[in-house]
Amino acid sequence: MPSPYLTVEGVTFSYDQGQVILRDINLAIARGEFVAVIGPSGCGKSTLLRLMAGLALPRIGRLTVAGQAIAGPGLDRAVVFQDYSLFPWMTCRDNIVLALERAKIGATVAARRKVALDFLDLVGLAQDGDKLPGELSGGMRQRTAIARALAINAPILLMDEPFGALDEITRARQQDLLLELWQGGQGEAEAGKTVFFVTHDVEEAVILGDRVIVMGTHPGRIVRDLPVSLPRPRSRMGSLRHQNFSVLRETLLNELNLVVDERLIPHCDEGAAI
Amino acid sequence: MSSPENQSRLLGPVSCLVIVSFLAGVYGLVTDVLRIPNAVLFPGWAKIIPAFGVSIKQLLAGLVSSLSLLVPAVTLSILTGVSAGIFIGLRPRLEAVLVPFIRAVNPLPSTMLIPYAIAVMPTFWSSSLFIIYFGVLWPVLVNTLHGVAMLEPRWIDNARCLSLKGRQLVFKVVLPGAMPQIFAGINAGLIRSFLLLTVAEMIGSKAGLGFFVQYYADFAKYDRVIVGMLWLSFVVVFIMTLFDLLKKRVLYWTKKR
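Going line by line, the protein sequences match chains A and B.
Numbering-wise, this note's numbering puts 71 at position 71 of the first sequence, and it's gapless, one number per residue.
Numbering-wise, this note's numbering puts 1220 at position 220 of the second sequence, and it's gapless, one number per residue.
Now the structure itself:
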């Protein structure tokens, strides 16, 4: 096991006076690893992502990137949210240009525009740079957000249910695109991007992840850390057809059912719940 | 060519024209033909139209005079109101301290301040300017504060993830994000400014749209008063139409979300 790159060490999180959202989370993610996280709503998976992004800080414990504690948001971590990573008053290209400017990529505006267009081209939106996010479909918006996240060349990619609001066909396409882009960056001299991908879709988690983390509720915690035994490079269809796929899917579904049952029948002991 | 969009674009002006003609017709019928109401207070078109003819020079001069008061006053209110609103709005603790004061001052009719304005400001013109400035400032400030408070948390998250700070945060995120509310404030402020124009032009003015109406009302020349009021309304509608066009342009993105 390579040394961990992104770590969560004994993190407990709660809002000001509220209940505990996350309790004693420990997680070590290697450089270049693709970690998918699933769990029922309210398990704190998005909160965990916000902690990694530095948008919130833990009560107890700490998070680190390359040994440095996370003290706030930074451009070493690119974030893609479900449907709101872009500013609606800027064109898609300008959204990316602004991010590039912050990331100090490209010396001039013209250079940054060129880079932005290159990345829009990469996600198949070369023609749509001058459109406002609101003029695009949900899938196109998410591709723009991914283009922006890739453009700033952050080593860490944090994705919070990026395809959650999309219809099934669009989602399948986005998954393939993400696999292609991410795997395209792997296997060079250096490891590729480290991805933390939150989803509520078991198949999506298996298709994309090297590892799937299952989280439970009340309080949010990690209940399972399952390596995905599917070969790389992958494609969505290849994974779906792989012999290991259904076993992985069943395992995760069972794990999720346990979590949900436990939540529905809080006073039953575990033996009785099964 | 007669797409639904084109039709609805024409609907507004056309129906407006129909209604105005109808009302003008009814007014003419009641005054010129039937001579029902008091002829001094309600002069017919037969008196109003010639009154317009002899007033046109004065009306145009009044327009220039009023605009040279309105434009700087409103511009100044917007500049200070928006910048103060953003400065305060981004500092929640400062806002908590100041909000009671802002609430206290906001509803004060700035007409009450006329004697103070005259006493404090160096010239009559600057006193008039101050009255309008003061009246427009508060709706703009309050709405800007509101706009900053209503910025969607996701935009703030997004800005933080990009490490946007200082000037870039203000001009790329806070200002555009609060713009719908800012425009609502300017809208309210503009309407207030027209109301205040009449009052402000009572202070040492020799011309102006408000002055014209006020002046002839004092002499009970109601044909001229009505001409002045119609002219003022026309100017207001014209300015507000321009404002709407500007708003549509700046807030284009709100329609496309």
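Built from N, CA and C at the ideal position, the CB exists for glycine as well.
If you check each beta-carbon in the stretch 1150–1176 of chain B against every beta-carbon of chain A, the ones closer than 7 angstroms belong to 1154, 1155, 1157, 1158, 1160, 1161, 1162, 1163, 1164, 1172, 1173, 1176. Between residue 1203 of chain B and residue 1114 of chain B, the CB-CB gap stays under 8 angstroms. If you ignore the 5 residues before and after residue 53 of chain A, its C-beta comes within less than 8 angstroms of the C-beta of 73, 77, 79, 158, all in its own chain and listed in chain order.
Taking the beta carbon of residue 1253 of chain B as reference, the chain A residues within 7 angstroms of it are 88, 89, 132, 134, listed in sequence order.
In the structure shown, residue 14 of chain A adopts extended strand secondary structure according to DSSP, grouped into three states. Cβ neighbours of residue 37 of chain A within its own chain (closer than 6 angstroms, five residues either side excluded): 45, 198, 213.
For residue 152 of chain A, no alpha helix (DSSP H) encloses it, and the DSSP letter there is neither H nor E. If you compare the alpha carbons of A/235, A/115, A/221 with that of residue 26 of chain A, the shortest gap goes to A/221. The Cβ neighbour count for residue 103 of chain A, taken over all protein chains shown within 10 Å, is at least 16; the residue is labelled buried. Put simply, the backbone Cα of residue 1213 of chain B is about 10 angstroms away from that of residue 1220 of chain B.
For residue 9 of chain A, DSSP records a beta bridge to A/62. The three-state secondary structure of residue 1228 of chain B, taken from DSSP, is helix.
Contact residues of the stretch 90–119 of chain A toward chain B are 98, 99, 102 (C-beta to C-beta distance below 7 angstroms).
Within the stretch 24–83 of chain A, the complete beta strand (DSSP E) segments at least 3 residues long are 34–38, 60–65, 77–80, listed from N- to C-terminus.
Close CB contacts of residue 165 of chain A within its chain, under the 7 angstroms cut and outside five residues either way in sequence, are with 82, 83, 138 (chain order).
Around the Cβ of residue 1252 of chain B, a 10 Å sphere holds fewer than 16 other Cβ atoms; the residue is exposed.
Residue contact check for residue 74 of chain A against chain B: a CB pair falls below 8 angstroms. Inter-residue distance for residue 171 of chain A and residue 124 of chain A is about 15 angstroms (C-alpha atoms, whole angstroms). A residue is called buried when at least 16 other Cβ atoms come within 10 angstroms of its Cβ; residue 1015 of chain B does not meet this threshold and is exposed. It is roughly 14 angstroms from the alpha-carbon of residue 1090 of chain B to the alpha-carbon of residue 1168 of chain B. Taken through DSSP and simplified to helix, strand or coil, residue 221 of chain A comes out as strand. Counting only runs of at least 3 residues, the stretch 85–166 of chain A fully encloses the following beta strand (DSSP E) elements, listed from N- to C-terminal order: 156–160.
Per DSSP, residue 1121 of chain B lies in no alpha helix (DSSP H) and is assigned neither H nor E. With fewer than three CB-CB distances shorter than 8 angstroms, the stretch 1046–1053 of chain B does not count as touching the stretch 1183–1199 of chain B. Between the stretch 1152–1171 of chain B and the stretch 1061–1075 of chain B there are fewer than three C-beta pairs closer than 8 angstroms, too few to call the two in contact. Given a length threshold of 3 residues, the stretch 1165–1240 of chain B has no whole run of the beta strand (DSSP E) inside it. Here residue 196 of chain A is buried. Its C-beta has 16 or more other C-beta atoms within 10 Å.
Interface criterion met: the Cβ of residue 53 of chain A is under 8 angstroms from a Cβ in chain B. With respect to the 8 angstroms criterion, residue 1025 of chain B and residue 1044 of chain B are not classified as neighbours on the basis of their beta carbons. If you draw a straight line from the Cα of residue 1103 of chain B to the Cα of residue 1182 of chain B, it comes to about 17 angstroms.
DSSP, reduced to helix, strand and coil, places residue 1036 of chain B outside both helices and strands of the structure shown, so it counts as coil.
If you ignore the 5 residues before and after residue 1155 of chain B, its C-beta comes within less than 7 angstroms of the C-beta of 1173, 1177, all in its own chain and listed in chain order.
With distances taken between CA atoms, residue 1105 of chain B lies nearest to B/1137 out of B/1137, B/1088, B/1075.
Taking C-beta atoms under 8 angstroms as the contact rule, residue 96 of chain A and residue 148 of chain A qualify, at a distance of about 5 angstroms. The Cβ neighbour count for residue 1021 of chain B, taken over all protein chains shown within 10 Å, is under 16; the residue is labelled exposed. The C-beta separation of residue 1081 of chain B from residue 1141 of chain B comes to about 4 angstroms, placing the pair in contact by the 8 angstroms criterion.
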